[in-house]
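In the working numbering, the protein residues as written are 12 to 142.
Ideal placement from N, C-alpha and C gives every residue a C-beta, glycine not left out.
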Amino acid sequence: MSSADFIFLDGYENAEFDIQAFCASLRGRFSGVTIREENDHEKAYRLLWDYQSPEVSVEGALNRKNDVFVINYFDSKNRLQDYAAYILWLRKWFPSDQKVVFCDEGYEYVFELSSDLFQKDLESYLRTRFD
12 MSSADFIFLD
22 GYENAEFDIQ
32 AFCASLRGRF
42 SGVTIREEND
52 HEKAYRLLWD
62 YQSPEVSVEG
72 ALNRKNDVFV
82 INYFDSKNRL
92 QDYAAYILWL
102 RKWFPSDQKV
112 VFCDEGYEYV
122 FELSSDLFQK
132 DLESYLRTRF
142 D
């Protein structure tokens, strides 16, 4: 991936986001992940993470309002399946009853992530972007 992708809540403030639980889950998913919390409120992102292993590499961020995840980089040996699973995992951190959108940096590719979306359906969509 050469440009960032975004997963965001459409018109909803995520006040109940549990950053401690998210960080714990991120550490469980990617053992050894580097997580940086930004205390400077002038910066757009409050949380940044980076993980590298022989199987997967990930760089991501969460904005200050807890309503946008940024995927700056993702690569793995099973890229399509792993990326879809990662996107759906991030989606679960937003309320299931809220509209969540996945899009690229240029807002050229836009896909709604319903809370009951199947991974195979997301993989089919991603295949159109990767091919």
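Taking C-alpha atoms, which residue in the options lies nearest to residue i?
{"i": "Gln130", "options": "Glu123, Thr45, Ala96", "result": "Ala96"}
{"i": "Ala26", "options": "Lys103, Arg138, Asn77, Gln92", "result": "Asn77"}
{"i": "Glu24", "options": "Lys110, Asp115, Asp127", "result": "Lys110"}
{"i": "Ser68", "options": "Asn74, Lys54, Leu58, Ser87", "result": "Ser87"}
{"i": "Leu133", "options": "Phe17, Gly39, Gly43, Gln92", "result": "Gln92"}
Measure the CB-CB distance between residue i and residue j and report whether it falls below 7 Å.
{"i": "Arg144", "j": "Tyr120", "result": "Nothing about residue 144 can be reported from this structure: the residues present for the chain run from 12 to 142 only."}
{"i": "Ser112", "j": "Asp21", "result": "According to the sequence as given, residue 112 is Val; it is not Ser. Their beta carbons are under 7 Å apart, which means Val112 touches Asp21 by this criterion."}
Can you look up residue i in the DSSP assignment and give me helix, strand or coil?
{"i": "Trp100", "result": "helix"}
{"i": "Glu49", "result": "coil"}
{"i": "Ala32", "result": "helix"}
{"i": "Tyr57", "result": "It is worth fixing the name first, because residue 57 is Arg in this sequence and not Tyr. Three-state result, Arg57: strand."}
{"i": "Asp86", "result": "strand"}
Mark residue i as exposed unless 16 or more other C-beta atoms lie within 10 angstroms of its C-beta, in which case mark it buried.
{"i": "Gly117", "result": "exposed"}
{"i": "Trp60", "result": "buried"}
Quick one: does residue i have its CB under 7 Å from some CB of chain D?
{"i": "Leu99", "result": "No chain D is present in this structure, which holds just one protein chain."}
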